[in-house]
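What follows is a single structure, written as structure tokens, with notes after it.
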Amino acid sequence: MSGVDPISSVGAPEFHHRSTIGRAFLGVQDTAAYLGISPKTLYVWRHRRQGPPSFRMGARGRVTYRVDALDAWICAQEQADFRSNPDLNPVSAAPQRRAAYSATV
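Numbering (my numbering), first residue to last: 58 to 162.
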């Protein structure tokens, strides 16, 4: 068996492993796998206060991410991208007329 849950992997990316299915919180490594990016990217985003919301949890204060917050962040990224949201696509916007220009020298 490959370690991927066959039921939840239908139509889902390949990085949803049994270890992350059904968990409410993910660490940096699992979150990076869930998003398909490197852990270093997550650390950089956290340092810059970008990326998905995270917090420290536990006695050691490990960086943790909520799965539902990750899913909400992904949806927000999709809505902010004009390729996924036709309302933001500049090609579909009505052409604008230029303001009157007077050529006085």
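Each residue gets a CB set at the ideal place from its N, CA and C atoms; glycine is no exception.
9 Å Cβ cutoff met for residue i and residue j
| i | j | result |
| --- | --- | --- |
| residue 163 | residue 138 | Look at the range of the chain in this structure, 58 to 162, and you will see that residue 163 is not part of it. |
| residue 110 | residue 92 | no |
For residue i: DSSP bridge partner residues
| i | result |
| --- | --- |
| residue 83 | 122 |
Integer-rounded CB distance, given that residue j should sit under 8 Å from residue i
| i | j | result |
| --- | --- | --- |
| residue 99 | residue 90 | Contact flag wrong, Cβ pair sits at about 11 Å. |
Residue i at chain D interface by Cβ criterion, 9 Å
| i | result |
| --- | --- |
| residue 140 | Absence of chain D from the displayed structure is noted, only one protein chain being present. |
Could you tell me whether the region 116 to 130 touches the region 84 to 98, where touching means 3 or more Cβ pairs closer than 8 Å?
yes
Return the chain-ordered ranges of every beta strand (DSSP E) run that is complete within the region 87 to 142 and spans a minimum of 3 residues.
112 to 114, 119 to 123
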